[in-house]
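One structure is given below, encoded as structure tokens.
Numbering (UniProt numbering), first residue to last: 1 to 532.
Have a look at this one:
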């Protein structure tokens, strides 16, 4: 029988046998040909789970008899949390397991070094020949001050083992244009495009690279992009409005340094690439090297937080947005969350800053840094303090219901202008959340108030969205009584508001941010690895 059949969360019979600690059953499946390299929605292979269970018998069985190439890829494969199987070993696990994994890892590294040293088909990243053999160059345009004198030359350790590319990979890897550089390549001062690729890709990101190479057809490259202005900045990195100089089309480019938010960037890239929905921001392209993740998405002209502040200015009693506008935005977000939940994805970071208003006036969900495939529950503490659900604070384990709690917080903030649980001290916020006391202004819409109360209940057995009728309890609420959900999904309803934009250089709907010192200066044309 086919042992590749899996659950909606992509768990195979072997995954389940290990998760349920049925070692004999798992060994039987392995002996009869179960594929130990298949990954579930969290990116875990059966070897990941076997290591997490600390089972020497299972690890030995999975590595026994397989080819060296297969074994080396298996032990080095990272899940969506960027963890390899060895990283999941319990502290008291049999040291023999780690020794086995390290032995295979060392063999793979040695194989990669030989592959790089022996490669004779090496292309240099700074010049590329066109069809007539001449070398053509093009200067990249996304520039900001930075000194990259310390940029290192490629090393064998950065090569991808057992991939179609036997030497260092450069360039915007998701676009089908790949450049390789030999071990003598040197890097000087350069701007974003050259600086990002000067370090190449590392072994831990092989899984993401393989994922991006499948079916990616975008022809946008960093050398075509011109920076317009910074749209946002924070510990995550920077979001820059960029323009394609060939077409004048504008995009949002989110740059993240891997040493700051590697796991979140990878999760966001993968989830955006999988999720296609009218009310989720569309992924255009992913630029990927050891130093940076560059996530290129469609451009939206305003975030919901800015709209709330704009409308709340000078308000006397009830700030925030008009009830009908808030209801429409809530409905769009609801459809996006419903779609994610049908795919077993919990968003976990709903807030106005992560909801963008497109030029057509409809809102879209963005920033999937905390999104996670959850089949049952997880225990990670994450999210914005004012939006954290009680079950997360109490470490009871959480799942889809947290998104319905945050939807209730969002509705309140859209109407009032601030969340229901506020305090200068985070501990004060958490105490108010656990107390469950909500103060509604007198002019708060009656139907909206009723829905918020149904969403902001600590009892999961009473929280809307988590009951027998699921999301339909929310859709059928009186606050949405005049709304056609079918027309909304197809964007047939008039938008309550459309951001005003003077031209492609207008970023007045976003706050001003100072220039960053993290990006390199202008590159010389002959140094540009993205030339044609």
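The beta carbon of each residue, even a glycine, is placed where N, CA and C say it ideally should be.
Given the structure is predicted, the values throughout are model-derived calculations rather than measurements.
Determine the closest residue to residue i out of the options, with distance taken between C-alpha atoms.
| i | options | result |
| --- | --- | --- |
| residue 304 | 282, 296, 415 | 415 |
| residue 396 | 345, 458, 424, 359 | 458 |
| residue 100 | 424, 375, 75, 330 | 75 |
| residue 86 | 69, 70, 52, 61 | 52 |
| residue 39 | 61, 84, 20 | 84 |
| residue 478 | 470, 452, 497 | 452 |
| residue 482 | 282, 468, 447, 432 | 447 |
| residue 321 | 382, 417, 302, 256 | 417 |
| residue 240 | 280, 299, 221 | 299 |
| residue 97 | 78, 91, 56 | 56 |
| residue 48 | 411, 275, 82, 399 | 82 |
| residue 412 | 17, 325, 430 | 325 |
| residue 301 | 348, 470, 500, 222 | 500 |
| residue 80 | 21, 370, 4, 444 | 370 |
| residue 45 | 77, 484, 502 | 77 |
| residue 7 | 41, 31, 29 | 41 |
| residue 494 | 468, 444, 466, 360 | 360 |
| residue 467 | 443, 440, 401 | 401 |
| residue 246 | 280, 229, 223, 439 | 223 |
| residue 367 | 389, 275, 436 | 275 |
| residue 465 | 399, 255, 229 | 399 |
| residue 250 | 229, 233, 376, 439 | 229 |
| residue 106 | 71, 91, 88 | 71 |
| residue 16 | 375, 280, 95 | 375 |
| residue 233 | 476, 428, 256 | 256 |
Is residue j closer than 9 Å to residue i when the C-beta atoms are compared?
| i | j | result |
| --- | --- | --- |
| residue 308 | residue 296 | no |
| residue 337 | residue 294 | no |
| residue 533 | residue 355 | Residue 533 is absent from the structure shown; the chain starts at 1 and stops at 532. |
| residue 334 | residue 407 | yes |
| residue 37 | residue 73 | yes |
| residue 331 | residue 480 | yes |
| residue 10 | residue 26 | no |
| residue 328 | residue 488 | yes |
| residue 278 | residue 362 | yes |
| residue 455 | residue 404 | yes |
| residue 433 | residue 460 | no |
| residue 284 | residue 220 | yes |
| residue 409 | residue 379 | no |
| residue 423 | residue 382 | no |
| residue 30 | residue 61 | yes |
| residue 21 | residue 12 | no |
| residue 484 | residue 491 | no |
Kindly identify the DSSP beta-bridge partner or partners of residue i.
| i | result |
| --- | --- |
| residue 97 | DSSP output for residue 97 lists no bridge partner at all. |
| residue 398 | 378 |
| residue 232 | 239 |
| residue 303 | 356 |
| residue 12 | 6 |
| residue 297 | 252, 283 |
| residue 372 | 346 |
| residue 63 | Note: residue 63 sits in no beta bridge, so no partner. |
| residue 446 | DSSP output for residue 446 lists no bridge partner at all. |
| residue 365 | 280, 355 |
For the putative contact between residue i and residue j, defined by C-beta atoms under 8 Å, what is the C-beta separation to the nearest angstrom?
| i | j | result |
| --- | --- | --- |
| residue 248 | residue 225 | Going by Cβ atoms, the distance from residue 248 to residue 225 rounds to 12 Å, so no, they are not a contact pair. |
| residue 385 | residue 420 | With a Cβ gap of about 13 Å, residue 385 and residue 420 do not count as contacting. |
| residue 373 | residue 344 | 5 Å |
| residue 23 | residue 58 | 6 Å |
| residue 54 | residue 93 | 4 Å |
| residue 323 | residue 445 | 4 Å |
Please find out if some non-hydrogen atom of the ligand MG comes closer than 8 Å to the beta-carbon of residue i.
| i | result |
| --- | --- |
| residue 15 | In the structure shown, the ligand MG is absent, as is every other ligand, since no ligand is present at all. |
List, from N- to C-terminal side, the alpha helix (DSSP H) runs of 4 residues or more that fit wholly inside the region 471 to 495. 472 to 475, 485 to 489
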